[in-house]
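Visitor: Numbering (the working numbering), first residue to last: 260 to 734. Backbone N, C-alpha and C fix where the C-beta goes; we use that ideal spot for every residue, glycine too. Below is one structure. I have some questions about it.
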Ligand code: BG6
């Protein structure tokens, strides 16, 4: 049994293209789903696929268009990550930067070159890129022409994207994640899968789209291992165990069902087949998935090498319809847990829940795990030099790293690395705000898009540097 984190433990930080790059039409990039999701009151209806917004307009503000302009600032940003001692940097590729329409015959060289530059900059400092192939984005052209992931054709376009990027970056990138928070498509279908609904059976469409993503993920794994057998391919789950509100067996059963809703995706990606509970659920819901010949075999033969996940909070549920005091601001509906404090956005803070989640996932899959998102979204108040005394963030991370260490040292969970979310302040996915900050690096920009975009180190910057330097010994 190990005494601490392994020598090669991948400490780092995580971002996503749409929340930090900006340059939304620069370098021949096409329009993505995320580029038409506004800030403000229409954001949720659009993310849910209930409100059609296929173009940006003058009345709304679209935070992805400039975001924090990583597109022009990547050298400075990666330099700051290097200063903290990052071993890895998680970023995503913007699909529409590489295939502007999604169905183009040839990829966009300027887009490919941009990521070459980003990877070279990382490698210059010995930072290993950890690449999410799609993090909440689909080229809008594919939404408009084929309805995005509701169509099987998406698998082919995704495959082409994978072939191109795996070939191009095979000597620069080793770790890949196929879909960010693959279970998100059940909760925010436009964000997760570019789905927009008419009057129709939404559940059936969501699960059909899920099947397409699961097939695409297996194909990606197959192609990746052929192109470079050294590649490590991971799935990615929005995780956080569901607790039962009481010890009433009905509550415990409800909690198990809730967890299965999420595990379903990883069960397929990691064990290689649809679990029986899901098949039975589809029968009950009158959902008949369209499968092609060879799908089952493809899933069976191409399971992921590791399981990555995000963890922000645990969840709480009850079978009793009278018990319904929900927390605010959670994409995953959850009851208020009286034993936990919550962030300013109502996300319940539960460090031990991370150890529980790590153990549950490891028990279930017996594969190496990777925490690719964790962190506290909070309001920061910088002084005139942009310095933020963010002890609350340090405390959140410290308590989570402690339980992560327990999971490794005491419980024997295999853990590859830890990349806290939004290592540099970026746009919030759920609210579109800048005010909800996660970073070690402050970015001068507000919710309305004003600011100099100047970067500055917060107190947590120096703290995290020490954590990495001591391989998690000094917290
Ligand atoms: C995860 C996403 O859901 O949580 C990120 O993968 C997101 O894209 C992160 O930013 C934090 O959520 P939010 O809504 O605070 O940005």
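#1: Along the alpha helix (DSSP H) that carries residue 506, what are the first and last residues, could you check?
#2: Does the pairing of the region 596 to 610 with the region 631 to 638 give three or more beta-carbon distances under 8 Å?
#3: Going by beta-carbon coordinates alone, are residue 420 and residue 358 separated by less than 9 Å?
#4: Using alpha carbons as the reference points, say which of 615, 646, 427 and 351 lies closest to residue 714.
#5: Would you say the region 383 to 399 touches the region 429 to 443, given that touching needs at least three Cβ pairs under 8 Å?
#6: Taking 8 Å as the cut-off, does the region 617 to 633 touch the region 671 to 681 (at least 3 CB pairs, one atom from each stretch)?
#7: Could you tell me which uninterrupted alpha helix (DSSP H) segments, each at least 4 residues in length, are contained entirely in the region 450 to 495, listed from first to last along the chain?
#8: Whose C-beta lies closer than 8 Å to the C-beta of residue 517 among residues of the same chain, with five residues either side of it excluded?
#9: Report the residue ranges of all alpha helix (DSSP H) runs contained in full by the region 381 to 452; include only those spanning at least 4 residues, in chain order.
#10: Mind checking whether the beta-carbon of residue 695 lies closer than 8 Å to any heavy atom of ligand 1?
#11: Is the Cβ-Cβ distance between residue 496 and residue 569 less than 9 Å?
#12: Check for me: the alpha helix (DSSP H) holding residue 620 runs from which residue to which?
#13: What residue range does the alpha helix (DSSP H) around residue 728 cover?
#14: Take residue 663 as the anchor and find which of 319, 687 and 631 has the nearest alpha-carbon.
#15: Buried or exposed for residue 684, going by 16 or more other Cβ atoms inside 10 Å?
#16: Assign residue 493 to buried or exposed, taking buried as 16 or more other Cβ atoms, counted over all protein chains shown, within 10 Å of its Cβ.
#17: So the beta strand (DSSP E) residue 342 belongs to, where does it begin and stop?
#18: Compute every distance between the C-beta of residue 439 and the non-hydrogen atoms of ligand 1, then say whether any falls below 8 Å.
#19: Please list, in chain order, all residues of the same chain as residue 511 whose beta carbon is under 8 Å from its beta carbon, the five residues on each side excluded.
#20: Leaving out the 5 sequence neighbours to the left and right, which residues in its chain are closer than 7 Å to residue 528 when beta-carbon positions are compared?
#21: Entirely within the region 649 to 707 and at least 3 residues each: give me those beta strand (DSSP E) ranges in chain order.
#22: Which same chain residues end up closer than 6 Å to residue 417 when comparing Cβ atoms and leaving out the 5 residues on each side of it in sequence?
#23: Between the C-alpha atoms of residue 558 and residue 525, what's the straight-line distance to the nearest angstrom?
#24: Just to confirm, does residue 715 get its C-beta within under 8 Å of one of the non-hydrogen atoms of ligand 1?
#25: Which residue's Cα is closest to the Cα of residue 689: 593, 284 and 305?
#26: Answer with buried or exposed for residue 345, where buried requires no fewer than 16 other C-beta atoms within 10 angstroms of its C-beta.
#27: Between residue 286 and the rest of its own chain, which residues show a CB-CB distance below 7 Å, the 5 nearest in sequence each way excluded?
#28: Cα-Cα, which of 313, 365 and 390 is closest to residue 273?
#29: Let's see if you can read the secondary structure: which residues bound the beta strand (DSSP E) around residue 348?
#30: According to DSSP, simplified to helix, strand and coil, what is residue 637?
#31: Tell me which same chain residues have a C-beta within less than 6 Å of the C-beta of residue 668, skipping the five on either side of it?
#32: Given 8 Å as the limit, tell me if residue 590 has its C-beta closer than that to any heavy atom belonging to ligand 1.
#33: Considering only residues of the same chain and omitting the five flanking positions on each side of residue 424, which have a CB-CB separation below 6 Å?
Guide: Reading from the atomic positions:
#1: Counting along the chain, residue 506 falls outside any alpha helix (DSSP H), and DSSP gives it neither H nor E.
#2: Output reads yes: the region 631 to 638 touches the region 596 to 610.
#3: Yes, they are a contact pair.
#4: Measuring from the Cα of residue 714, the nearest candidate turns out to be 646.
#5: Flag = yes, the region 383 to 399 and the region 429 to 443 touch.
#6: The region 671 to 681 makes contact with the region 617 to 633, as at least three CB pairs between them are under 8 Å.
#7: Fully contained in the region 450 to 495 are the following alpha helix (DSSP H) runs of length 4 or more, in chain order: 461 to 486.
#8: Cβ neighbours of residue 517 within its own chain (closer than 8 Å, five residues either side excluded): 501, 574 and 576.
#9: Those alpha helix (DSSP H) runs which fall completely within the region 381 to 452 and span 4+ residues are 399 to 405, 412 to 427 and 448 to 452.
#10: The nearest non-hydrogen atom of ligand 1 is less than 8 Å from the C-beta of residue 695.
#11: Residue 569 sits close to residue 496, with the two beta carbons spaced by under 9 Å.
#12: Residues 610 to 624.
#13: Annotation for residue 728: the continuous alpha helix (DSSP H) segment containing it runs 718 to 728.
#14: For residue 663, the nearest C-alpha among the options comes from 631.
#15: Residue 684 is classed as buried because its beta carbon has at least 16 other beta carbons within 10 Å across all chains shown.
#16: Residue 493 should be labelled buried.
#17: Where residue 342 is concerned, there is no enclosing beta strand (DSSP E), although the alpha helix (DSSP H) it sits in stretches over 329 to 343.
#18: Here the distance from the Cβ of residue 439 to the nearest heavy atom of ligand 1 is below 8 Å.
#19: 503, listed in sequence order.
#20: Excluding the 5 residues flanking it on each side, residue 528 has same chain C-beta neighbours closer than 7 Å at 473, 476, 494, 562 and 563, in chain order.
#21: Runs of the beta strand (DSSP E) spanning 3 or more residues and lying entirely within the region 649 to 707 occur at 674 to 677 and 700 to 702, in chain order.
#22: For residue 417, the CB contacts under 6 Å within the same chain, skipping 5 residues up- and downstream, are 475 in chain order.
#23: Going from the Cα of residue 558 to the Cα of residue 525 covers about 12 Å.
#24: With a cut-off of 8 Å, the C-beta of residue 715 is classified as distant from ligand 1, since no heavy atom of the ligand falls inside that distance.
#25: When each option's Cα is compared against that of residue 689, the closest is 305.
#26: Buried: at least 16 other Cβ atoms inside 10 Å.
#27: Cβ within range, chain order: 356, 369, 370 and 373.
#28: Among 313, 365 and 390, the Cα nearest to that of residue 273 is on 390.
#29: Under the DSSP assignment, residue 348 falls in the beta strand (DSSP E) whose first and last residues are 347 to 351.
#30: Strand, per DSSP.
#31: Hits under 6 Å: none found.
#32: For ligand 1, at least one heavy atom lies less than 8 Å from the Cβ of residue 590.
#33: Cβ within range, chain order: n/a, list empty.
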